[in-house]
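Heads up: the sequence lines are chains A and B, in that order.
FYI, the numbering for the first sequence is 3 to 207, going by our numbering.
FYI, the numbering for the second sequence is 308 to 416, going by our numbering.
Worksheet: the structure to be examined is printed underneath.
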Amino acid sequence: MSNQETLDDLNYATALAKSGNEAPLMGGPIGLMWGILISATLFAHWSIITGRLGIELQYLWLLWISFSAVGGMGSAILGRRVGRKAGAHSMANRIEHAVWTMFSLMLGCLWAGIVISMLLGMGSVGLFDLVPIVGFAGQGLAYGVIAKISHHKWLGYASGAAFVSSILCMPAFGQPGLYLLAAIATLFTVVLPSLKTMGFEDAER
Amino acid sequence: MPSDKAPSTDVEPAINIDEIDEIIHGRLRLGIMAYLSAVNPASFPELLAKTGSSNGNLSTHLSKLEAAGYINQEKGYQGKRPQTLVHLTAAGRKAWVQYLEAMKELLGN
Numbered sequence: 003m004s005n006q007e008t009l010d011d012l013n014y015a016t017a018l019a020k021s022g023n024e025a026p027l028m029g030g031p032i033g034l035m036w037g038i039l040i041s042a043t044l045f046a047h048w049s050i051i052t053g054r055l056g057i058e059l060q061y062l063w064l065l066w067i068s069f070s071a072v073g074g075m076g077s078a079i080l081g082r083r084v085g086r087k088a089g090a091h092s093m094a095n096r097i098e099h100a101v102w103t104m105f106s107l108m109l110g111c112l113w114a115g116i117v118i119s120m121l122l123g124m125g126s127v128g129l130f131d132l133v134p135i136v137g138f139a140g141q142g143l144a145y146g147v148i149a150k151i152s153h154h155k156w157l158g159y160a161s162g163a164a165f166v167s168s169i170l171c172m173p174a175f176g177q178p179g180l181y182l183l184a185a186i187a188t189l190f191t192v193v194l195p196s197l198k199t200m201g202f203e204d205a206e207r
Numbered sequence: 308m309p310s311d312k313a314p315s316t317d318v319e320p321a322i323n324i325d326e327i328d329e330i331i332h333g334r335l336r337l338g339i340m341a342y343l344s345a346v347n348p349a350s351f352p353e354l355l356a357k358t359g360s361s362n363g364n365l366s367t368h369l370s371k372l373e374a375a376g377y378i379n380q381e382k383g384y385q386g387k388r389p390q391t392l393v394h395l396t397a398a399g400r401k402a403w404v405q406y407l408e409a410m411k412e413l414l415g416n
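Given below as structure tokens:
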């Protein structure tokens with residue numbers, strides 16, 4: 003085998019390795035689904051607690067259970083589609099998947115802790131206000147990690163926006179306005195970055 | 308048409324392939340290992356599309372790599388569709404790194 007043949011083979015292998023390494027992030031559609039769902043649910047929550055919808059407060063449980071069910075189903079369906087795409091198991095996509103799974107677990111633990119403290123008579127419904135605040139901070143962390151791995155600078159900005167949202171929401175703790183603020187912030191910290199991710203995915207294919 | 312260039316009299320030294328891993332050192336197997344080093348696992352259709360190989364050819368070379376313990380083929384389903392996922396094993400990753408080191412040495416880098 004000549005050096006030239008070997009170099010040609012190595013160039014072929016390098017091109018394949020690069021195409022795998024540079025596979026676009028694929029979490030865009032799932033992020034977009036969650037972003038729209040979270041924003042709509044937070045807005046509905048704000049509308050209910052401020053009496054704008056004329057719905058009893060006790061139906062808030064139904065709202066959030068529906069949110070979890072729709073989000074879970076949506077993730078399962080979209081996740082299956084994403085898993086079939088070429089490059090779905092690249093390093094960046096595996097890390098993206100792991101980070102968001104851990105993020106969901108973290109919020110789930112916080113939610114379960116609040117429910118348990120309420121069942122034990124040691125907490126109040128107001129503790130749920132922590133969820134969006136902690137959620138934005140977690141989002142900032144998740145986007146920051148993915149930005150570092152994928153070298154997408156704009157995801158770093160999404161990370162910063164999520165951290166700022168967490169800070170801005172804190173003074174609204176205990177007030178209905180927290181949910182409106184969080185609904186609007188979600189559009190900027192989840193929906194827009196997800197649309198941009200999808201745009202990059204289309205461009206790179 | 309006569310060529311302007313005189314035929315090269317330089318004799319290109321051939322690479323001594325005894326020193327490199329023959330299981331990896333084939334164009335398609337090299338491509339499979341390279342892609343799996345970046346995307347792991349990869350589905351069978353994904354490897355077909357990326358390597359530009361035929362179904363049978365890819366299967367044959369995957370079997371060779373699997374026999375050497377470099378990859379592992381996981382047959383399963385995604386939803387109702389059958390799916391084969393190809394994983395690079397720890398031994399495969401080690402062999403891949405060794406192969407690259409050997410090639411660098413042989414090519415004088």
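Positions of the beta carbon are idealized from the N, C-alpha and C atoms, including for glycine.
Source: prediction; values computed, not measured.
Using a Cβ-Cβ cut-off of 7 Å (strictly less than) and excluding sequence neighbours within five positions of residue i, which residues of its own chain qualify?
i, result
"W156(A)", "K198"
"W48(A)", "P178, Y181, L182 and A185"
"S350(B)", "Q390, T391 and L392"
"T191(A)", "F138, Q141, A160, A163, A164 and S167"
"V193(A)", "L34, G37, I38 and S41"
"A174(A)", "L180 and L183"
"E408(B)", "none"
"Q6(A)", "none"
"N347(B)", "H394 and L395"
"L80(A)", "P31, I32 and M35"
"M308(B)", "For M308(B), the pLDDT reaches just 38, beneath the cut-off of 50, and the residue's location in the model is therefore unreliable, although a value from the coordinates is still provided. Taken in chain order, the list of residues that qualify is empty."
"N364(B)", "L335"
"D311(B)", "Any reading at D311(B) must be qualified, since the residue scores a pLDDT of 43, below 50, and its modelled position is unreliable; no value is offered."
"L12(A)", "none"
Note down, in chain order, every chain B residue with its Cβ under 7 Å from the Cβ of residue i.
i, result
"G89(A)", "V346"
"G85(A)", "Q385"
"A25(A)", "V346"
What residues from chain A crowd round residue i, counting only those whose CB sits closer than 7 Å?
i, result
"G338(B)", "Y14, A15 and L18"
"A356(B)", "A88"
"A409(B)", "Within chain A, no residue comes near A409(B); the closest Cβ sits about 11 Å away, beyond 7 Å."
"E353(B)", "A88"
Just reading off the beta strand (DSSP E) that residue i is part of, what are its end residues?
i, result
"I394(B)", "Note that residue 394(B) corresponds to His in the displayed sequence, not to Ile. Where H394(B) is concerned, the enclosing beta strand (DSSP E) stretches over R388 to L395."
"K382(B)", "I378 to Q385"
If you check the beta carbons only, do residue i and residue j fall under 8 Å apart?
i, j, result
"I135(A)", "E98(A)", "no"
"Y14(A)", "G333(B)", "no"
"N362(B)", "L369(B)", "no"
"G376(B)", "R82(A)", "no"
"I32(A)", "S77(A)", "yes"
"L59(A)", "I67(A)", "no"
"A19(A)", "Y342(B)", "yes"
"A46(A)", "L64(A)", "no"
"A71(A)", "W102(A)", "no"
"M340(B)", "G399(B)", "yes"
"G110(A)", "S119(A)", "no"
"S196(A)", "A345(B)", "no"
So residue i contacts chain A; which residues on that side make the cut at Cβ distance below 8 Å?
i, result
"R400(B)", "Under the 8 Å cutoff, chain A gives no residues; its nearest Cβ is about 13 Å from R400(B)."
"Y342(B)", "L18, A19, S21 and G22"
"A375(B)", "Neighbours of A375(B) on chain A: none; closest Cβ ~17 Å, over 8 Å."
Ordered along the chain, which non-local residues of its own chain (more than five positions away) have a Cβ less than 6 Å from that of residue i?
i, result
"D317(B)", "Its pLDDT being 49, under 50, D317(B) is placed unreliably in this model, and the coordinates cannot settle the point."
"E381(B)", "L392"
"L129(A)", "I116"
"V127(A)", "none"
"M200(A)", "G30"
"L189(A)", "S41"
May I ask which residues mark the beginning and end of the alpha helix (DSSP H) holding residue i?
i, result
"Y181(A)", "G179 to T188"
"T2(A)", "The first residue shown for chain A is 3 and the last is 207, placing residue 2(A) beyond what the model contains."
"D10(A)", "N5 to N23"
"V147(A)", "L132 to S152"
"I1(A)", "This structure gives no information on residue 1(A), because the portion of chain A shown stretches from 3 to 207."
"F351(B)", "F351 to T358"
"I214(A)", "One cannot answer for residue 214(A) here, as it falls past the ends of chain A, which runs 3 to 207."
"K155(A)", "K155 to C171"
"K371(B)", "N362 to A374"
"L64(A)", "L62 to G85"
"L2(A)", "Lying outside 3 to 207, the shown extent of chain A, residue 2(A) is not represented and no answer is given."
"G176(A)", "Run containing G176(A): none; DSSP gives neither H nor E here."
"E414(B)", "According to the sequence as given, residue 414(B) is Leu; it is not Glu. No alpha helix (DSSP H) contains L414(B), which DSSP labels as neither H nor E."
"S344(B)", "R334 to A345"
Hey, residue i and residue j are a contact pair by Cβ (cut 8 Å); roughly how many whole angstroms apart?
i, j, result
"G22(A)", "G89(A)", "6 Å"
"I330(B)", "M410(B)", "About 14 Å separates the two Cβ atoms, so there is no contact after all."
"D131(A)", "G176(A)", "6 Å"
"L335(B)", "S366(B)", "Not confirmed; about 11 Å, so no contact."
"L112(A)", "V133(A)", "6 Å"
Within its chain, find whatever has a CB closer than 8 Å to the CB of residue i; leave out the 5 residues flanking it on each side and keep chain order.
i, result
"A94(A)", "A25, L27, I148, I151 and S152"
"K401(B)", "none"
"V404(B)", "none"
"T8(A)", "none"
"L62(A)", "H47, I50 and I51"
Could you tell me whether any non-hydrogen atom of the ligand ATP is closer than 7 Å to the CB of residue i?
i, result
"S41(A)", "Questions concerning the ligand ATP fall outside what the structure shown contains, since it holds no ligand whatsoever."
For residue i, return the contacting residues in chain B, with the cut-off set at a CB-CB distance below 8 Å.
i, result
"S92(A)", "A345 and V346"
"R82(A)", "Q385 and G386"
Which residues in chain B sit within 9 Å of residue i, going by Cβ to Cβ distance?
i, result
"D11(A)", "H332, G333, R334, L337 and G338"
Residues of chain A with CB closer than 9 Å to the CB of residue i, please, in chain order.
i, result
"A349(B)", "G22, A88, G89, A90 and H91"
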